[in-house]
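*Asks:*
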Amino acid sequence: MNSCADAILTLERERGIAFPPRYRQFLSEEIKDSELYEILAINDCYVCFYNIFDLNERNETYQIHQAAPDYFMIGQDGDIGYFVRVEKHSADDEIMSVDLGAVGCVAMHSEARDIYAFQG
15 MNSCADAILT LERERGIAFP PRYRQFLSEE IKDSELYEIL AINDCYVCFY NIFDLNERNE
75 TYQIHQAAPD YFMIGQDGDI GYFVRVEKHS ADDEIMSVDL GAVGCVAMHS EARDIYAFQG
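Encoded structure:
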């Protein structure tokens with residue numbers, strides 16, 4: 015296994031979460047350990063996605079685990095955060111978004127069925 019795949023499994027085990035299958039694939043095969051991974055999304059915005067080594071820190075900084083415990087922030091475009099559901103035994107790969115100042119206060123918006131459909 016590569017270091018990214020090992021780090022994904024470690025984070026899942028430590029946090030008691032499970033990343034969706036397509037996102038896990040994207041994270042280990044596309045983002046890898048890139049310090050900056052940016053895509054043009056279907057909403058015509060550039061979104062910066064975090065690598066596995068930065069994911070936990072970004073979620074801790076914004077206290078996502080307290081405001082939205084079933085979600086993990088995977089990327090950001092300014093004040094907008096992008097999320098995946100991380101409940102165990104869920105294969106839901108949907109990409110969701112919400113203003114970071116409103117996490118846990120307002121409903122998230124569906125952006126795409128999965129990370130690959132989210133790319134413009």
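The opening position of the sequence shown corresponds to residue 15 in my numbering, with each subsequent residue numbered one higher.
For every residue, glycine included, the Cβ atom is placed at its ideal position computed from N, Cα and C.
How should S17 be labelled, buried or exposed, when 16 other C-beta atoms within 10 angstroms of its C-beta is the threshold for buried?
*Replies:* By the 10 Å Cβ count, S17 comes out exposed.
*Asks:* Inspect the CB distances between the segment 67-80 and the segment 101-108 and report whether three or more fall short of 8 Å.
*Replies:* no
*Asks:* Going by DSSP, what residue range makes up the alpha helix (DSSP H) through A21?
*Replies:* A21: member of the alpha helix (DSSP H) spanning 17-29, first to last residue.
*Asks:* Beta strand (DSSP E) containing H123: first to last residue?
*Replies:* 123-126
*Asks:* Could you tell me the distance, in whole angstroms, from the CA atom of A19 to the CA atom of S42?
*Replies:* 6 Å
*Asks:* Taking 7 Å as the cut-off, decide whether the C-beta atoms of V112 and Y37 are in contact.
*Replies:* no
*Asks:* Go through its chain and collect everything with a Cβ distance to Q133's Cβ below 8 Å, but skip five positions before and after it.
*Replies:* Apart from sequence neighbours up to five positions away, the residues of its chain that approach Q133 with a beta-carbon distance below 8 Å are I53, L54, A55, I56, ordered along the chain.
*Asks:* Could you spell out the range, first to last residue, of the alpha helix (DSSP H) harbouring F40?
*Replies:* 35-40
*Asks:* Starting from Y130, trace the alpha helix (DSSP H) both ways and give me its first and last residue.
*Replies:* 129-132
*Asks:* Answer with buried or exposed for Y60, where buried requires no fewer than 16 other C-beta atoms within 10 angstroms of its C-beta.
*Replies:* exposed
*Asks:* Determine the direct distance from the alpha carbon of A32 to that of E26, and round the result to whole angstroms.
*Replies:* Each residue's alpha carbon lies about 6 Å from the other.
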